[in-house]
Structures are given as structure tokens and as C-alpha cells.
Amino acid sequence: MKRGLFFILIFFMALANGASAQALRTSFLKSPQTPELGGAATTDRADIVAFKQMIPNAGPMRFPQFMFGQRLFVAEWDPAPGEVPDQDGLGPTFNAIACASCHINNGRGFLPADGKDFDSVLVRLSIPGDDGHGGPKSLENYGGQLQHRAVAGAKPEGNTSLDWTYFVGYFADGTPFRVRKPAVVFSQLAFGDLPEDTMVSLRTANPVIGLGLLELVPEVTLNELADPYDKNGDGISGRMNIVWDAKQQTNAPGRFGWKANVPTVELQNAGAALGDMGITTEINPKDNCPAAQDACLETAALHPPEAEFRSEFFEQLTRYVRLTAVPRQRSTNDVEVLEGRAIFYSSGCVQCHMPTLKTGNSEEFPELANQTFHPFSDLLLHDMGEGLADGRPDYLASGSEWRTPPLWGIGLTETVSAGQAGYLHDGRARTLEEAILWHGGEAKTAQRRFRALSKADRNVLLRFLGSL
Ligand code: HEC
Ligand code: HEC
Ligand SMILES: [Ca+2]
Ligand SMILES: [Ca+2]
Ligand SMILES: [Ca+2]
170 MKRGLFFILI FFMALANGAS AQALRTSFLK SPQTPELGGA ATTDRADIVA FKQMIPNAGP
230 MRFPQFMFGQ RLFVAEWDPA PGEVPDQDGL GPTFNAIACA SCHINNGRGF LPADGKDFDS
290 VLVRLSIPGD DGHGGPKSLE NYGGQLQHRA VAGAKPEGNT SLDWTYFVGY FADGTPFRVR
350 KPAVVFSQLA FGDLPEDTMV SLRTANPVIG LGLLELVPEV TLNELADPYD KNGDGISGRM
410 NIVWDAKQQT NAPGRFGWKA NVPTVELQNA GAALGDMGIT TEINPKDNCP AAQDACLETA
470 ALHPPEAEFR SEFFEQLTRY VRLTAVPRQR STNDVEVLEG RAIFYSSGCV QCHMPTLKTG
530 NSEEFPELAN QTFHPFSDLL LHDMGEGLAD GRPDYLASGS EWRTPPLWGI GLTETVSAGQ
590 AGYLHDGRAR TLEEAILWHG GEAKTAQRRF RALSKADRNV LLRFLGSL
């Protein structure tokens with residue numbers, strides 16, 4: 170009898186649990202989407218510096234620190250020993266000399282024109298297996314990323330260029346479209362051929378706005394939004410990436426990067442400093458020199474053993490990234506933008522590009538706590554099909570899974586990046602329309618709905634995206 174009651178109790182608890190997962194999604198979808206895309210962390214700027222503003226509700230005390238963090242974000246690093254001791258230690262190998270070289274005005278990077286160097290994108294490498302914590306396994310001679318530049322005395326690992334394949338398709342109304350897909354071509358590899366089973370992933374730099382908000386979305390929220398076995402039968406099975414938090418020495422939900430493979434802003438920044446620029450931190454105290462690279466090891470020894478990024482400075486950089494505001498949505502009373510938003514909802518874009526999320530508590534950042542905000546992302550991984558697959562797993566993310574990228578600020582891409590635009594993880598899409606056309610896998614139905622729209626309806630949807 171008691172046992173029976175117990176099972177009945179479990180049954181109702183499970184039912185309540187399933188229902189509450191749906192309830193959270195429904196309540197987020199029903200709550201009004203306001204133009205304050207970052208909640209209180211919204212800026213009115215919509216110009217070239219729109220992504221570089223401090224969240225307005227942070228106290229004036231924060232401002233000098235924020236400006237100092239911004240200086241660090243744009244600072245160009247020198248090889249050691251340099252004239253400014255707190256700004257030297259670049260390399261030995263690196264991809265760029267400043268955070269802002271890739272995150273242009275805190276915005277995204279873009280693919281180089283034919284024959285030009287990779288200036289704001291990078292190439293990740295791995296071989297089958299894992300690193301002992303479930304992450305990608307590095308190559309013995311090249312590590313987990315190709316650094317195509319080096320300081321004097323060390324060798325660049327190699328060079329890269331792009332090979333394009335073009336595809337033609339049609340909208341339901343007969344209008345043709347042409348999209349393109351890049352493949353990375355390696356040359357001048359300094360430490361031997363890449364192993365045959367090397368997996369390669371081309372990545373552009375993401376915009377750096379509103380990340381403090383995304384970091385504070387409680388894990389239970391992500392868990393409730395996730396639907397890994399598609400229990401609600403809508404064809405969408407978002408799941409969390411679970412990744413290694415090297416600072417806390419534990420597993421944690423992944424939130425940052427195109428495959429949500431990094432758990433915190435701090436670790437993302439430390440990884441970027443070392444991997445992209447060759448700058449050591451307390452978190453990553455050793456320079457990035459695979460054992461085969463003797464000259465790299467020798468050159469690294471030119472910097473004194475302490476971290477190249479002074480800890481107090483690195484903290485300011487991380488605070489800066491956390492306190493960067495999100496631009497307000499524009500043209501919100503425009504009839505076309507409103508129609509476009511309705512199509513965005515009815516086409517199922519919101520199933521992944523979740524309009525509304527909420528942050529939890531934070532003692533360190535009360536200005537980011539308990540905010541309702543509008544990232545248009547669920548921070549979950551989705552299988553996007555073969556067309557977008559890189560075939561390079563990263564923790565739980567398979568070769569075809571990607572994190573739903575936030576769409577806030579996307580309408581200002583060209584404004585902040587001086588006319589440049591490249592969307593999707595590898596920057597292949599020249600327009601927002603091309604980005605949508607690449608959606609496959611779980612997003613195939615939404616993509617079909619988009620292709621079935623009239624030209625006028627496609628345009629109002631794009632107008633809505635442009636208002637974000
Ligand atoms: C060589 C180009 C390059 C440089 C230099 C660079 N980044 Fe990045 N950044 C990227 C790329 C590419 C990604 C996406 C990585 C991925 O998906 O694996 C990224 C992602 C990020 C993200 C995550 C954004 C998100 O939405 O998830 C943050 C934060 C970030 N970078 C901060 C920095 C900081 C701070 C620096 C300087 C210390 C820096 N980056 C230097 C290319 C760069
Ligand atoms: C199944 C989940 C899913 C659905 C449904 C979906 N998207 Fe996406 N969207 C993604 C993912 C994941 C990416 C990133 C893919 C990549 O970079 O390879 C993405 C990328 C984008 C981008 C480019 C973002 C950037 O930063 O480069 C745009 C724009 C976009 N989606 C718009 C839409 C629109 C409009 C719809 C509805 C017609 C839609 N999406 C439906 C998951 C989804
Ligand atoms: Ca260094
Ligand atoms: Ca390397
Ligand atoms: Ca589902």
C-alpha cells in the first residue's frame with residue numbers, strides 16, 4: 170500500500186515536472202518582448218560604438234573600471250621584452266595582437282577576401298578522442314588551434330586560405346538564391362602534415378555584448394528549456410552542452426562560443442588571451458607551445474615566469490566584458506517590423522531563438538541580477554544538419570550541433586564593423602537571408618517556412634531582424 174502511494178507520488182511529481190518545463194517556455198514566449206533587449210542593461214546608442222557601452226544601471230563607480238577594461242580590450246600587445254611591461258608577452262605564436270582585432274568594435278569578425286590574411290577569424294583543430302575532461306583532443310604538433318603568426322624567433326604554424334563551393338536554390342515563388350560554403354586550405358605547415366583524421370573548424374569572432382546577462386541565466390532555466398528527447402514532439406531537441414570548468418575543477422553548463430563549449434566569461438577571456446594572442450594568465454600560466462615547437466619554447470622563456478596578463482588587469486577585462494550593454498531595438502512602431510516579428514514567431518524561429526530569458530541573483534553584479542531580457546537565444550545546442558556541420562565534436566556538441574546564437578544587436582552588424590558582415594559560425598553568410606537559408610536539421614521546418622514566404626513577407630522578417 171505504502172509502496173503504491175509512493176509510486177503514485179513519483180508519477181505526479183514527474184508529470185508536474187514535465188508540465189513545468191513547458192510552462193516556463195510558454196511563459197517566456199507569452200511575456201511581452203520590449204525594445205529594451207538587455208532589460209536594464211540596454212543602451213540607446215545605435216552607431217559604431219553601440220556595442221562598447223557600459224550598462225546604464227551600473228553605478229558611476231563602475232565607469233572608470235569599465236573604461237580601463239575597454240582599454241585592455243583594444244590594447245595591442247608586444248613581444249617580450251616590450252616597452253610597456255604590463256602589455257608584453259605576445260605569442261610566441263598568435264592569430265592577432267588585440268582582442269579588438271577580431272571583435273571589431275566589440276562586434277563580430279569577418280572572412281578575408283580572396284588572397285588576404287585571416288585577421289578576425291581562426292581555425293580550430295582536433296583529432297578523435299578527448300582531452301581527459303570530455304573536450305576535444307589536440308594535435309601533437311599544432312595543439313587545438315592554428316596560429317598563423319609568430320614573434321621574431323618563433324615560427325608561424327602555417328597559413329590558411331579559403332576554397333568556396335557555391336549552391337543554388339529556389340524560394341517557393343521561383344526566385345533563385347545562391348549561397349556559398351568555405352573550406353579551409355592549409356599551406357606552409359611548419360611542423361609536418363596534419364594527421365589524416367584531423368577535424369577542422371573555421372570560426373568567426375562573436376559579438377561581445379550582454380554576456381554578463383547570459384552568464385547569469387540559472388542552470389535550472391536552461392535545464393527546463395532543454396528537451397533533449399523531444400518529449401513535446403515539436404521536432405526541436407535543444408540540449409545543454411556540459412563542459413569542463415578548469416577554474417572550479419568541475420563540469421558546468423557551456424554557454425559561450427559557437428558550440429557553447431566554455432562555461433564562463435572569465436574562462437572564455439583567458440582562453441582567448443592564450444589561444445588567440447599567446448598571453449598567459451593566472452588561469453593559463455604556460456605559453457602555448459606544443460612539444461615539437463622548440464623555437465616557441467625558447468622564445469616563451471624571454472618573458473619572466475609570472476602571468477603576462479597581470480591578474481588585476483585581467484579581472485578588469487572580464488568585468489568589462491560582463492558589463493557591456495545591449496543596444497535597444499529600433500523602429501519598433503514600424504508596421505513592417507511588427508509584421509516581421511509576427512512571422513518570426515509563427516515560422517518557429519522562437520523555438521530556438523527564445524525571445525525572453527531571466528537572470529538569477531548575483532551578489533557581485535546586482536545590476537545584472539533578476540533582469541528580464543531579450544537575447545533571442547536559448548543557449549542550447551541544436552542539430553543544424555549537414556550543410557552547417559563542421560564534423561568536429563566539442564564536449565557534448567556533435568559535429569552538426571551549434572548553440573543558438575543571440576540575435577540582439579544583429580541589425581547593427583555592418584554599422585559597428587564598418588560595412589563588413591558575415592553571419593553563422595564560419596561567417597559564410599553574406600546576408601541575414603543567407604544565414605536563414607543555411608538552417609537545416611532541427612531548423613529545417615523553419616527554413617522551409619521561410620522559403621515558402623512571399624517576397625514581401627521575407628522582407629518584413631528581415632526588417633524585424635534588422636531592428637534588433
Ligand atoms: C583571432 C581572433 C580573436 C581574438 C584575437 C580574440 N577573439 Fe574572442 N572570439 C574569437 C572567436 C573565433 C570566437 C568564437 C570561438 C568559438 O566558437 O570557439 C570568440 C569568442 C569570444 C567570446 C564569446 C562570445 C559569445 O557570444 O559566446 C568572448 C567573450 C571573447 N571571444 C572575448 C575575447 C577577448 C576578451 C579577447 C582578448 C583577450 C578575444 N576574445 C580575442 C576570435 C577572437
Ligand atoms: C532548431 C533551432 C533553430 C531554429 C528553429 C532557427 N534557428 Fe536560427 N540559428 C540556430 C543556430 C544553432 C544558429 C547558428 C548556426 C551556425 O552558426 O552554424 C542560427 C543562426 C541564425 C542566424 C545567424 C546568427 C549569427 O549570429 O550569425 C540568424 C539570422 C538566424 N539564425 C535566424 C533565424 C530565423 C529568422 C529563423 C526562423 C525562420 C531561425 N533562425 C530558426 C538555431 C535555430
Ligand atoms: Ca606569451
Ligand atoms: Ca597551435
Ligand atoms: Ca521539442
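So the sequence shown is numbered by our numbering: it starts at 170 and just counts up by one.
For each residue, glycine too, the CB sits at the ideal point set by N, CA and C.
Near ligand 3: residue i beta-carbon under 7 Å from a heavy atom
| i | result |
| --- | --- |
| GLY440 | no |
| ILE452 | no |
| LEU259 | yes |
Burial state of residue i (16 or more Cβ within 10 Å)
| i | result |
| --- | --- |
| LYS428 | buried |
| HIS302 | exposed |
| GLU384 | buried |
| GLN417 | exposed |
| TYR398 | exposed |
| SER515 | exposed |
| ASP283 | exposed |
| VAL389 | exposed |
| THR493 | buried |
| THR573 | buried |
| VAL504 | exposed |
Own chain residues within Cβ distance below 7 Å of residue i, not counting five before or after
| i | result |
| --- | --- |
| ALA464 | GLY322, ALA323 and LYS324 |
| THR582 | GLY276, ARG277 and ALA590 |
| TRP571 | TRP427, LYS428, LEU550, HIS551, MET553, LEU557 and HIS594 |
| ASP661 | There is no way to answer for residue 661, as the model of the chain reaches only from 170 to 637. |
| ASN530 | ALA538 and ASN539 |
| ASP626 | ILE512 |
heavy atom of ligand 2 below 7 Å from residue i C-beta
| i | result |
| --- | --- |
| THR525 | no |
| CYS707 | Coverage of the chain is limited to positions 170 through 637, which leaves residue 707 absent and any answer about it impossible. |
| GLU309 | no |
| ALA272 | It is worth fixing the name first, because residue 272 is His in this sequence and not Ala. Because no heavy atom of ligand 2 lies under 7 Å away, the Cβ of HIS272 does not count as near it: no. |
| TRP561 | The question names Trp, yet the displayed sequence has Arg at residue 561. No. |
Backbone CA spacing between residue i and residue j [nearest angstrom]
| i | j | result |
| --- | --- | --- |
| GLY327 | PRO473 | 27 Å |
| ASN275 | ARG620 | 32 Å |
| HIS608 | LEU526 | 23 Å |
| ALA395 | GLU603 | 27 Å |
| ASP257 | THR449 | 10 Å |
| ASP247 | PRO432 | 29 Å |
| PRO387 | THR528 | 7 Å |
| LEU622 | PRO254 | 58 Å |
| PHE482 | PHE545 | 32 Å |
| LEU331 | PHE242 | 28 Å |
| ARG632 | ILE266 | 36 Å |
| PHE340 | SER500 | 27 Å |
| HIS272 | SER196 | 34 Å |
| PRO364 | GLN314 | 14 Å |
| ALA598 | ALA615 | 17 Å |
| GLN310 | PRO297 | As written in the sequence, residue 310 is Asn, which differs from the Gln given in the question. The alpha-carbon atoms of ASN310 and PRO297 are separated by roughly 15 Å. |
| GLY407 | ASN392 | 10 Å |
| ILE224 | LEU548 | 21 Å |
| GLU484 | ARG618 | 45 Å |
| ALA183 | ASP342 | Unreliable placement is indicated for ALA183, whose pLDDT of 47 sits below 50; no coordinate value is reported for it. |
Contacts around residue i, its chain only, beta-carbon distance under 6 Å, and the 5 residues preceding and following it disregarded
| i | result |
| --- | --- |
| MET368 | SER295, GLY560 and ARG561 |
| HIS543 | GLN202, LEU206, PRO524 and THR525 |
| ASN264 | LEU291, GLN316 and ASP445 |
| GLU477 | GLY258, ILE448 and THR449 |
| ALA352 | ASP332 |
Contact check, residue i vs residue j, beta carbons under 8 Å
| i | j | result |
| --- | --- | --- |
| PHE513 | VAL519 | yes |
| CYS458 | PRO261 | yes |
| ASP591 | PHE232 | Sequence inspection shows Gly at residue 591; the Asp mentioned does not correspond to that position. No; because the gap between Cβ atoms is not below 8 Å, this pair is not in contact. |
| ASN453 | LEU486 | no |
| VAL292 | THR329 | yes |
| SER569 | GLY610 | yes |
| GLY304 | TYR489 | no |
| VAL337 | ARG347 | yes |
| PRO579 | LEU634 | Looking at the sequence shown, residue 579 is not Pro but Ile. In contact: ILE579 and LEU634 (Cβ atoms closer than 8 Å). |
| ALA219 | THR584 | yes |
| THR211 | SER289 | no |
| ILE378 | TRP577 | yes |
| ARG214 | PRO496 | yes |
| ALA460 | PHE360 | no |
| ALA421 | VAL434 | no |
Closer than 7 Å: residue i CB and nearest ligand 5 heavy atom
| i | result |
| --- | --- |
| ASP403 | yes |
| ASP399 | yes |
| ASP396 | yes |
Residue i: CB within 7 Å of a non-hydrogen atom of ligand 4
| i | result |
| --- | --- |
| LEU581 | no |
Heavy atom of ligand 1 within 7 Å of residue i beta-carbon
| i | result |
| --- | --- |
| GLY423 | no |
| ALA265 | yes |
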